[in-house]
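Just so you know, the sequences run in chain order X and C.
For the first sequence, the residue numbers in full-length UniProt numbering are 1 to 142.
For the second sequence, the residue numbers in full-length UniProt numbering are 1 to 142.
Cβ atoms here follow ideal geometry from the backbone N, Cα and C, with glycine treated the same way.
Predicted model only: the values in this text are computed from it and were never measured.
Here the structure comes first, spelled out in structure tokens, and everything after it is commentary.
Protein chains: 2
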Amino acid sequence: MPDTVPPDAGDLLEPLARVVRSYYDALTAVATSHGLSGAQARALIALREPLSMSALADHLVCDASNATGLIARMEARGLVRRDPSPEDRRSKVVTATAEGRELALRLRSAMHTVHAALEALTPQERTALLPLLDRLGDLLTR
Amino acid sequence: MPDTVPPDAGDLLEPLARVVRSYYDALTAVATSHGLSGAQARALIALREPLSMSALADHLVCDASNATGLIARMEARGLVRRDPSPEDRRSKVVTATAEGRELALRLRSAMHTVHAALEALTPQERTALLPLLDRLGDLLTR
DNA sequence: TATTGTTATACTCTATAACTATA
DNA sequence: TATAGTTATAGAGTATAACAATA
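Next up, the structure:
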């Protein structure tokens, strides 16, 4: 008779919170090491493809006026550009500059802290973890 | 021959990010539904026990002047109290009021979104998840 | 009339520097 | 001298309301 009493939800909450915190700490450390706020890092990562101001605000889940200020600061720093849309003269297209794209690349690749932790798992652990994470994500977002 | 090719770290990153995002969304939704900012919620949760201003700033990992403004706003709202320390006349002790403690209770118990998702796992899934979360937390924080 | 983006305004969070009172 | 807390100041992120240009 193995001692496999299933843990209750409370037993899982603490280690889950620890994983979440570590994940966020790693990501914000990367952003600030490149002199970016979290909001700016998120915007830059979203700008893989050019986006209109409203599409960007939707993506960042913030008000359009907020996006205006955010992008204005990033434009002043040379990370993005705002061009008039050729299709709709009300609209503007936000594009990452070469410098912005290069920084975004470093931001993405510099998620290596989290990536390395996942690499350090054994193949068995990885195989076991994947469906559990999928399931948990489904449960949390439904 | 089962198709158990172990997933690489990239395969795990996306579902992990989804879990993390859902977790944070749930927590901030709880805080804002009670009219609290994230910083205020964190402070209130930290104040299970009375703390000095500097101990609170340490806990929140922010500057002391930041804690002054934060606690001043919460004090104006009747959530906390600042009393002179009887031991060190330079120091003040921050204590949650009855209203603040009641709100903190609701904040803690209202983590039910995450809790419910964990409850919805099968006993087998919970048993499998716990050691993996522990291991991942260790890898991320070391 | 509705939409896109901006400006004006205001509040919170955050930090640095200078200050007071106390140790 | 060093520490605890505050104030003054500044900048970033956030939202609401009002506005111009365009659809």
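- One finds A9 and L13 in chain X with Cβ atoms closer than 7 Å to the Cβ of H115 of chain C, taken in chain order.
- Under DSSP, P84 of chain X shares a beta bridge with X:K92.
- At a beta-carbon threshold of 9 Å, none of the residues of chain C lie near L44 of chain X; the nearest stands roughly 17 Å away.
- In the three-state reduction of the DSSP assignment, L70 of chain X falls in the helix class.
- Taking C-beta atoms as the reference points, L36 of chain X and L133 of chain C fail to come closer than 8 Å.
- For the set X:V20, X:P6, X:A9 and X:R81, the Cα lying nearest the Cα of D138 of chain C is the one of X:V20.
- Between the alpha carbons of T141 of chain C and T32 of chain X lies a distance of about 18 Å.
- For E49 of chain X, there is no enclosing alpha helix (DSSP H), as DSSP marks it with neither H nor E.
- In this structure Q40 of chain C is in contact with M74 of chain C, their Cβ atoms being roughly 6 Å apart against a cut-off of 8 Å.
- Put simply, the segment 92–110 of chain X touches the segment 41–54 of chain X. At least three CB pairs are less than 8 Å apart.
- Interface flag for V80 of chain X against chain C is unset, since no Cβ pair is found closer than 8 Å.
- From the listed residues X:V30, X:H59, X:T122 and X:T28, the smallest Cα separation to A43 of chain X is found for X:H59.
- The criterion of a C-beta distance shorter than 8 Å is satisfied by P7 of chain X and R126 of chain C.
- The beta carbon of D63 of chain C is closer than 7 Å to those of A57 in its chain, skipping five residues each way along the sequence.
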